[in-house]
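*Asks:* For reference, the structure I am asking about is given below.
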Amino acid sequence: MSHKIQTLSGYFHEYQKSVLEPEAFWSRIAESFHWRKKWTKTLEWDFEGPNVKWFVNGKLNLTENIFERHLYTKGETPAIIWEPNNPDEPNRTLTYSELYRLTNQFCNALKAQGIGKGDRVIIYMPMVPEAAIAMLACARVGAIHSVVFAGFSASSLADRINDCQAKMVLTSDGNFRGQKQIEVKAVVDEALTKCTSVQKVIVLQRTHQPVNMVTNRDLWWHNAIDGQPYEFEAEEMDAEDMLFILYTSGSTGKPKGVVHTTGGYMVYSYYSFLNVFQYSQGDIYWCTADVGWITGHSYIVYGPLLAGATTLMFEGVPTHPHPGRFWEIVDKYKVNQFYTAPTAIRALQAYGLEPVEPYSLSSLKVIGSVGEPINEEAWHWYHDHIGKGNCPLVDTWWQTETGGIMISALAGITPNKPAHASLPLPGVQPVIVDAEGNELTGNNVEGNLCIKFPWPSMLRTTYGDHEKCKNVYFSTYKGMYFTGDGAKRDHDGYLRILGRVDDVINVSGHRMGTAEVENAINEHPKVVESAVVGFPHEVKGQGIYAFVICDMTGRTEESLKEEIKETVRKIIGPIAKPDIVQIVPGLPKTRSGKIMRRILRKVASKDLSNLGDTSTLLNPEVVDDIIKGAGL
Ligand code: ATP
Ligand code: MG
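Heads up: the sequence shown at position 91 corresponds to 91 in full-length UniProt numbering, and the numbers run straight through without jumps.
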């Protein structure tokens, strides 16, 4: 484990090296992998094209670096531990050698059904080990997978299938989620009425609910693998061959097909996993994301397995059959590293401490957060009651496009600072720029977050539309990758993510991050969750509109609204006091649990003409309630 940073000075030392000699730095890490043929040039790049190539002409198969590389030493080590939705159903553990055999077997099944190098395969599956097997088998035969979260609607699924012209869909009959049994195959059937590229559908039997099987198109997973051998010679890939396409979660608009390639993604997902979570051999690591998100790709499947880790996969939801389920699982498997999203923390926090108390949580060494800025209240709750005040909390900032964690503390190494993502990982060169793209150097500055140098796991293009990639990410500021997020470098040089730039509010010339105002609102004891947006204001330019979920017991709506305004005034100042507070039953969320502020902005500005794409919403019904509540 020579790539694991051990101390803060070690981090600064590695960081220096990675900036002064990035090619030598990444070469050294890449050399520890198995390559069929070594690269001839470490990096080739320009951000105009953009054109970025890492490990040029290198040949490899990523899965050989999970299996062949680890089998001698880790054959009997658990690779995946699977906890089912229903705690009474038997769990499963797959060792590295079992996972290897099942992956090979499925490779042979894919080949038999006509899948080969370069074909696109959609994975629309529940959180079961077969989802990981499907991803790994695609990578091993050289097919490009695109995982679509199995809660998306038929039309969202069809859009993605058509965008990448997938040849195959891997799915299941149904899906257990909490108390619900969700139709999965039926959604695929509906989607496929709008798609012509798909030739075969392989269906895993999970719920045993009745489904319609289309002759010559659909076959059962168990039949597809029946009699297939457990050996498969991995396809040789170029370092820059596509590994996967992943459509972004769609918080801001139409999803984009982000493309990641083989060599750089492999090196970076491994390196970032090892260092951020400080994984040690024998640890049990658990990330609660779904494999349909980038977090599931990099930190349930690829990063941990490349590091020879044991990764836990959970099929269910945090509140089923009771709101202590997460903590029960932590104790059951003695989880050492636990990685989740602020939306889950806030949801569980709302149940109070009672569901936490029965569990010791003493195995935890590291806790992590990803997906949104974590508000200070949730940070402290998570840190104090789950981490028991002695686990480092890594607030990891990154994106589908970045492929891996970019800005984060390294657990136990970088000092913790609530709600600060803190410092960049080695090899990551973030800059804060003003509206004109001038780099703001020094501390105590705030602006738009860009990255000025390539890192191995960055997106290479958006599938089928390179212009889009250029326009969205590389045109706003010349020569830089623009993240779309705002950030602040504080007086200690620590980075704090302020939220999306589109969400920054400008009140009478004062720029404010929505996250900052929400933090203040959430300090009020009756507030469960809040979302703040700007709206056009005659005098101030923009006013502040707060949508707040509250516990109303013992309060009237009017008194609560005043108290909330007063809380913000006290914490930030009169300038941040919301002009309007609306108490709402829920907030519109994407299926990855992020608030869709775009819709709230429309409501706040009383403009319902074009609400945009809401197909990725988890709870579309709440939009009507909010519109009604706003008196529109
Ligand atoms: P779309 O790009 O389609 O609008 P999305 O941005 O929500 O969707 P993701 O790539 O899953 O899709 O999310 C990345 C974004 O999530 C980041 O740009 C940032 O706004 C937010 N984010 C992720 N982690 C953090 C974090 N630790 N702190 C603050 N914000 C975060
Ligand atoms: Mg995004």
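A virtual CB, placed ideally from N, CA and C, is assigned to each residue, including glycine. All figures in this text were calculated on a predicted structure; none of them were measured in a lab.
If I'm right that Glu-372 touches Thr-343 with Cβ under 8 Å, what's the distance once you round it to whole angstroms?
*Replies:* 7 Å
*Asks:* Touch check for the region 191-199 and the region 132-144: three-plus C-beta pairs under 8 Å?
*Replies:* no
*Asks:* Quick one: using the 10 Å Cβ neighbour count with 16 as the cut-off for buried, is Pro-22 buried or exposed?
*Replies:* buried
*Asks:* Leaving out the 5 sequence neighbours to the left and right, which residues in its chain are closer than 6 Å to Thr-340 when beta-carbon positions are compared?
*Replies:* Thr-288
*Asks:* What runs of the alpha helix (DSSP H), each 4 residues or longer, lie entirely inside the region 195-276?
*Replies:* 221-225
*Asks:* Quick check: the Cα distance between Ala-515 and Asp-226, rounded to an integer number of angstroms?
*Replies:* 52 Å
*Asks:* Identify, in the order they occur along the chain, each residue of the same chain with its Cβ nearer than 7 Å to the Cβ of Trp-220, setting aside the five sequence neighbours on each side.
*Replies:* Val-203 and Gln-205
*Asks:* From which residue to which residue does the beta strand (DSSP E) around Leu-312 run?
*Replies:* 310-314
*Asks:* Within 6 Å: the Cβ of Leu-395 and any heavy atom of ligand 1?
*Replies:* Just to set this straight, residue 395 is Asp in the shown sequence, not Leu. Ligand 1 has a heavy atom closer than 6 Å to the beta-carbon of Asp-395.
*Asks:* Using only CA atoms, which one of Asp-163, Leu-110, Pro-430 and Ser-280 lies nearest to His-222?
*Replies:* When each option's Cα is compared against that of His-222, the closest is Leu-110.
*Asks:* Pull up the distance between the alpha-carbon of Gly-629 and that of Arg-555, whole angstroms please.
*Replies:* Gly-629 and Arg-555 have their C-alpha atoms spaced approximately 18 Å apart.
*Asks:* To the nearest angstrom, how far is it from the Cα of Glu-357 to the Cα of Asn-390?
*Replies:* 17 Å
*Asks:* Is there at least one non-hydrogen atom of ligand 2 closer than 6 Å to the beta-carbon of Thr-343?
*Replies:* no
*Asks:* Measuring CB to CB, does Asn-375 end up less than 7 Å from Leu-393?
*Replies:* no
*Asks:* Between Thr-63 and ligand 2, is the CB less than 6 Å from at least one heavy atom?
*Replies:* It does not: the Cβ of Thr-63 is nowhere closer than 6 Å to a heavy atom of ligand 2.
*Asks:* Enumerate, from N- to C-terminal direction, the unbroken alpha helix (DSSP H) stretches of 4 or more residues contained entirely within the region 296-361.
*Replies:* 303-306, 325-333 and 342-349
*Asks:* Is Ile-122 near Ile-161, with beta carbons less than 7 Å apart?
*Replies:* yes
*Asks:* Contact between the region 128-135 and the region 185-192: three or more CB pairs below 8 Å?
*Replies:* The region 185-192 and the region 128-135 do not touch, with fewer than three beta-carbon pairs separated by less than 8 Å.
*Asks:* Roughly how many whole angstroms lie between the Cα atoms of Glu-83 and Gln-278?
*Replies:* Separation of Glu-83 and Gln-278 (C-alpha to C-alpha, rounded to the nearest whole angstrom) is 23 Å.
*Asks:* Assuming contact is defined by CB atoms lying nearer than 7 Å, are Val-259 and Tyr-463 in contact in what I supplied?
*Replies:* yes
*Asks:* In chain order, what residues of the same chain lie with their CB nearer than 6 Å to the CB of Lys-41, ignoring the 5 residues before and after it?
*Replies:* Val-56
*Asks:* Using alpha carbons as the reference points, say which of Asn-519, Glu-439 and Ser-280 lies closest to Leu-449.
*Replies:* Glu-439
*Asks:* What's the C-alpha gap between Asp-434 and Tyr-477?
*Replies:* The straight-line gap from Cα to Cα measures roughly 10 Å.
*Asks:* Are there any heavy atoms of ligand 2 lying less than 6 Å away from the beta-carbon of Thr-590, as far as the coordinates show?
*Replies:* no
*Asks:* Keeping to the same chain, check which residues put their C-beta closer than 6 Å to that of Leu-145; ignore five residues upstream and five downstream.
*Replies:* It should be noted that the sequence gives His, not Leu, for residue 145. Val-121, Ile-123, Met-135, Cys-138 and Phe-244, listed in sequence order.
*Asks:* Kindly examine ligand 1 and report whether one of its heavy atoms sits closer than 6 Å to the Cβ of Ile-497.
*Replies:* Checking the Cβ of Ile-497 against ligand 1 gives yes.
*Asks:* I'd like the ranges of any beta strand (DSSP E) spanning at least 3 consecutive residues and lying wholly in the region 400-488.
*Replies:* Taking only runs of at least 3 residues, the beta strand (DSSP E) segments lying wholly in the region 400-488 are 430-433 and 445-451.
*Asks:* Any heavy atom of ligand 1 closer than 6 Å to the beta-carbon of Arg-500?
*Replies:* yes
*Asks:* DSSP state of Ala-546, grouped into three classes?
*Replies:* strand
*Asks:* Quick one: is the Cβ of Ala-378 within less than 6 Å of any heavy atom of ligand 3?
*Replies:* For the structure depicted, ligand 3 is absent and the ligand set comprises only ligand 1 and ligand 2.
*Asks:* Give me the Cβ distance between Glu-518 and Val-532, rounded to the nearest whole Å; I'm assuming they're in contact under 8 Å.
*Replies:* 5 Å
*Asks:* Report yes or no: do the region 491-509 and the region 453-462 share at least 3 C-beta pairs separated by less than 8 Å?
*Replies:* no
*Asks:* What are the boundary residues of the beta strand (DSSP E) that includes Glu-44?
*Replies:* 41-46
*Asks:* At what residues does the alpha helix (DSSP H) containing Ser-27 begin and finish?
*Replies:* 22-30
*Asks:* Please report the residue range of the alpha helix (DSSP H) in which Trp-381 lies.
*Replies:* 376-381
*Asks:* Could you give the C-beta distance for Ala-409 and Leu-423, rounded to a whole number, given that I count them as a contact under 8 Å?
*Replies:* 7 Å
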